[in-house]
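> This structure is in structure tokens; I'll ask about it shortly.
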DNA sequence: GGGTATTTGTCCGTATGTATT
DNA sequence: AAATACATACGGACAAATACC
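Residue numbers (the numbering used here), protein chains in the order written: chain A, 602 to 884; chain B, 602 to 884.
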């Protein structure tokens, strides 16, 4: 068996999708029709469709059929910006979205944690037994769930006078401005770690992701520091990878490039690196 | 059928993996044993295992069995750095990594493209009919395939005297230094777009990813500009998400945080060094 | 609202091929 | 060579979701 049947079917369907015979949104023939067409069993056809799903090319809708995926216009988050501009509570996010899309978010929910029992201990350099405040938000764009954000603050900030950190609800002007006003803490910079992983059950439900895997989660952990190098906040954000992009600007960059609203790269373009590899293998 | 059988089996096995009953590297019971244990058919057990595979929790080896995956130590790439970072930095990083990890890469392969027929046209602001040089590399760490990189340069740079761009093989000192030396072009900054998507077949093969999906690909597109704001290079890199992390530093950040070699990441032991693969380091 | 046809989802049993030990 | 374990492939049955009349 030089090449499995389900893989030959997969490659034939993929070719039809990639050269435009099957356009985004189009419906594939039913599993029964494909079974007859390829003279294979329905289960073998289904194996080919599963491969197409894991490659992100099609989606199945029970009772309806199998469809070529329509990709959403991705939302671009710029990770680099003035070091004191990241509020961790959606202000930069609102600003970047601009006029065309309608962002909204839930009112922050506040919780108190013991350090060591939650995942901010390392980044905030806390010792055992100290407490941490978390403020959690759900963010939407055009009523589509877009991200989940949780900011962690050492409880010592509250004890020093930043009482509003433990009150639920928005802090007008953002927490960066509030901390500066209340305690004179100026945010001097931040470090952000970016990872990609599979969604957990909560994320899968909130973002309405298919259970069968396809979509990954992008997690960013932004640790903000004051001018003495003391960590003052950790913001953990999770984004579904199918509707988000990120941008980084370093040095002098033309303004029309730096501003993400002017660039939109429609997805579907294939990886340059891999096409190069393919050519190399063939040549 | 409130919850499918294969899903209940999946949940049970996942629980055993996540709470340590099944440790990384351990072998699961065979499909036959699992069939008897759960009183289901072997195909149903296999459906559960497929879910575990797409979640990145196990891997199957024909003739051997099914094993809990050992997570590799992630490699951290810092996206922010001096905008004109030349090759000297790359060498430093290489040395720093070199103790524990051995980075290597293939010699760059050169191709000539017509603009419009390949995907660098937008970023390099090329008109129809102009030509582009691409330089492609495969990068490894400890003999593990780590990334694929392709840099695109307008052919006009070659015509102005940067002949070595169209010669295969390393450019000693890096291309940034070479362009400055040969043409007086100083790299003033860059813009980087980061996306996550499913792997294609070439990437799946090169990175040895499971065919059944699970692992996503991180694609970065770095457009570099000279001091006049003219794009001089586009570098497209693809990384498998299961062995890569990224970092961004903005403003004033404590050195022990900015340099990841001194901090320990949550999942594993040490994650040392930010990356710079030796040649074609495009700061 | 109800009923029916269509389409995908789940589950089973079986047979055979391929890789590893 | 033989045994073991996963991979592929088939056919059948019923359930669940959806669309349409």
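A virtual CB, placed ideally from N, CA and C, is assigned to each residue, including glycine.
Could one say the Cβ of residue 847/A lies closer than 7 Å to chain B's Cβ atoms, at least one of them?
Counting from 1 along the first chain, the entry for residue 847/A is found at position 246. Taking Cβ atoms only, chain B reaches closer than 7 Å to residue 847/A, which makes this a yes.
> With burial defined as no fewer than 16 other Cβ atoms inside 10 Å of the residue's Cβ, what is the status of residue 836/B: buried or exposed?
Here residue 836/B is taken as the residue at index 235 of the second chain, counted from 1. Burial call: buried.
> Anything in chain B within Cβ reach of residue 850/A, meaning under 8 Å, just list it in chain order.
Position 249 of the first chain holds residue 850/A. Chain B residues near residue 850/A: 790, 791, 792, 793.
> Buried or exposed for residue 620/A, going by 16 or more other Cβ atoms inside 10 Å?
What you label residue 620/A is simply residue 19 of the first chain in a count that begins at 1. Answer is exposed; the Cβ neighbour count stays below 16.
> What residues from the region 651-670 of chain A come within 9 Å of chain B, judged by C-beta to C-beta, listed N to C?
Under the 9 Å Cβ criterion, the region 651-670 of chain A contributes 651, 652, 654, 655, 656, 657, 658.
> Might you give, ordered along the chain, the residues of its own chain that have their beta carbon closer than 6 Å to the beta carbon of residue 729/A, omitting 5 neighbours on each side?
Mapped onto the first chain, residue 729/A falls at position 128. Excluding positions up to five away in sequence, the list reads 717.
> Nearest by alpha-carbon distance to residue 841/A: which of 797/B, 834/B, 604/B is it?
Looking up residue 841/A in the first chain gives position 240. Among 797/B, 834/B, 604/B, the Cα nearest to that of residue 841/A is on 797/B.
> Can you find the residues in the same chain that come closer than 8 Å, C-beta to C-beta, to residue 660/B, ignoring five residues on each side of it along the sequence?
Against the second chain, residue 660/B aligns to sequence position 59. Within the same chain, residue 660/B has close Cβ partners 654, 667, 668, 670, 811.
> Along the chain, where does the beta strand (DSSP E) that runs through residue 715/A open and close?
Your numbering for residue 715/A matches position 114 in the first chain. Element bounds for residue 715/A: 710-715.
> Quick check on the burial criterion: 16 or more other C-beta atoms within 10 angstroms. Buried or exposed for residue 651/B?
Translated into positions along the second chain, residue 651/B becomes position 50. So residue 651/B counts as buried.
> Quick one: residues in its chain with C-beta nearer than 7 Å to the C-beta of residue 806/B, no 5 flanking neighbours on either side, listed in chain order?
In the second chain, counting from the first residue as 1, residue 806/B sits at position 205. Counting only Cβ-Cβ distances below 7 Å, and skipping sequence neighbours, we find nothing.
> For the region 779-788 of chain A against the region 734-741 of chain A, do three or more pairs of beta-carbon atoms, one drawn from each stretch, fall closer than 8 Å, so that the two count as touching?
As far as the Cβ criterion goes, the region 779-788 of chain A does not touch the region 734-741 of chain A, which means the pair count is below three.
> Between the region 702-714 of chain B and the region 765-775 of chain B, can you find at least three pairs of beta-carbon atoms closer than 8 Å?
Short answer: they touch.
> Rounded to whole angstroms, what is the Cα-Cα separation between residue 681/A and residue 852/A?
Residue 681/A sits at position 80 when you count from the first residue of the first chain. Residue 852/A sits at position 251 when you count from the first residue of the first chain. Whole-angstrom Cα-Cα distance: 11 Å.
> Taking the alpha-carbon positions, what's the residue 870/B to residue 610/A distance?
As a position in the second chain, residue 870/B is number 269, starting the count at 1. As a position in the first chain, residue 610/A is number 9, starting the count at 1. Any answer about residue 870/B is weak, because its pLDDT of 29 lies below 50 and its placement is not dependable; what the coordinates show is given next. Computed Cα separation, rounded: 43 Å.
> Would residue 817/B pass as an interface residue toward chain A - the criterion being a Cβ-Cβ separation below 7 Å?
Along the second chain, read from residue 1 onward, the residue named residue 817/B stands at position 216. Residue 817/B counts as touching chain A.
> With residue 857/A and residue 822/A assumed to form a contact (beta carbons below 8 Å), what rounded beta-carbon distance in angstroms separates them?
For the purposes of this step, residue 857/A is taken as residue 256 along the first chain, with counting starting at 1. For the purposes of this step, residue 822/A is taken as residue 221 along the first chain, with counting starting at 1. About 31 Å separates the two Cβ atoms, so there is no contact after all.
> Does the Cβ of residue 625/A have 16 or more other Cβ atoms within 10 Å, making it buried, or fewer, making it exposed?
As a first step, residue 625/A is located in the first chain; it is residue number 24 there, counting from the start. So residue 625/A counts as exposed.
> Could you tell me the alpha carbon to alpha carbon distance between residue 863/A and residue 755/B, rounded to whole angstroms?
Your numbering for residue 863/A matches position 262 in the first chain. Your numbering for residue 755/B matches position 154 in the second chain. For residue 863/A, the pLDDT reaches just 45, beneath the cut-off of 50, and the residue's location in the model is therefore unreliable, leaving the point undetermined.
> Using a Cβ-Cβ cut-off of 7 Å, state whether residue 565/A counts as contacting chain B.
The shown model of chain A, from 602 to 884, leaves out residue 565/A, and the question about it has no answer.
> Determine the chain B residues that contact residue 806/A at a beta-carbon separation under 8 Å, and present them in chain order.
Indexing the first chain from 1 puts residue 806/A at position 205. Neighbours of residue 806/A on chain B: none; closest Cβ ~15 Å, over 8 Å.
> When you compare the CB of residue 759/B with every CB in chain A, is at least one pair closer than 7 Å?
On the second chain, position 158 is the one that residue 759/B refers to. Chain A, which has no Cβ nearer than 7 Å to the Cβ of residue 759/B, makes this no.
> I'd like the span of the alpha helix (DSSP H) that includes residue 854/A, first residue to last.
As a working note, residue 854/A is residue 253 in the first chain. Looking at the DSSP string, residue 854/A is not in any alpha helix (DSSP H), and its letter there is neither H nor E.
> In whole angstroms, what separates the C-alpha of residue 622/B from that of residue 640/A?
Within the second chain, residue 622/B is the residue found at index 21, counting from 1. Within the first chain, residue 640/A is the residue found at index 39, counting from 1. Straight-line Cα distance between these residues: approximately 45 Å.
> Among 785/B, 795/B, 844/B, 646/B, which has the Cα closest to the Cα of residue 816/B?
By 1-based counting over the second chain, the position of residue 816/B is 215. Considering only alpha carbons, the answer is 844/B.
> Excluding the five sequence neighbours on either side, which residues of its own chain have a C-beta within less than 7 Å of the C-beta of residue 783/B, listed in chain order?
The residue you call residue 783/B lines up with position 182 of the second chain. Only 762, 763 meet the Cβ criterion.
> Just tell me which of 677/A, 608/A, 828/A has its CA closest to the CA of residue 849/A.
Along the first chain, read from residue 1 onward, the residue named residue 849/A stands at position 248. Looking at the Cα atoms, 677/A is the closest of the given residues.
> Along the chain, where does the beta strand (DSSP E) containing residue 789/A start, and where does it finish?
As a working note, residue 789/A is residue 188 in the first chain. Looking at the DSSP string, the run of the beta strand (DSSP E) that includes residue 789/A is 788-798.
> On a Cα-Cα basis, can you pick out the residue from 809/A, 631/A, 632/A that is closest to residue 745/A?
Sequence index remark: in the first chain, residue 745/A carries index 144 (1-based). The shortest C-alpha separation from residue 745/A is found at 809/A.
> Output the boundary residues of the beta strand (DSSP E) element that contains residue 610/B.
Here residue 610/B refers to the residue found at position 9 of the second chain. Not the beta strand (DSSP E): residue 610/B falls in the alpha helix (DSSP H), residues 606-619.
> Please state whether the Cβ-Cβ distance between residue 855/A and residue 830/B is less than 7 Å.
For the purposes of this step, residue 855/A is taken as the residue at position 254 of the first chain. For the purposes of this step, residue 830/B is taken as the residue at position 229 of the second chain. Yes, Cβ-Cβ distance for residue 855/A and residue 830/B is below 7 Å.
> Residue 718/A by DSSP, collapsed to three states: which one?
If you number the first chain from 1, residue 718/A lands on position 117. Three-state DSSP puts residue 718/A in coil, outside helix and strand.
> Under three-state DSSP, which class holds residue 838/A?
Taking the first residue of the first chain as 1, we reach residue 838/A at position 237. It is a strand residue.
> How far does the alpha helix (DSSP H) with residue 645/A in it reach, from first residue to last?
Along the first chain, read from residue 1 onward, the residue named residue 645/A stands at position 44. Note, residue 645/A: alpha helix (DSSP H), 643-655.
> For residue 734/B, decide whether its Cβ has a neighbour in chain A, counting only Cβ atoms nearer than 7 Å.
Counted from its first residue, the second chain places residue 734/B at position 133. It does not; no Cβ of chain A falls within 7 Å.
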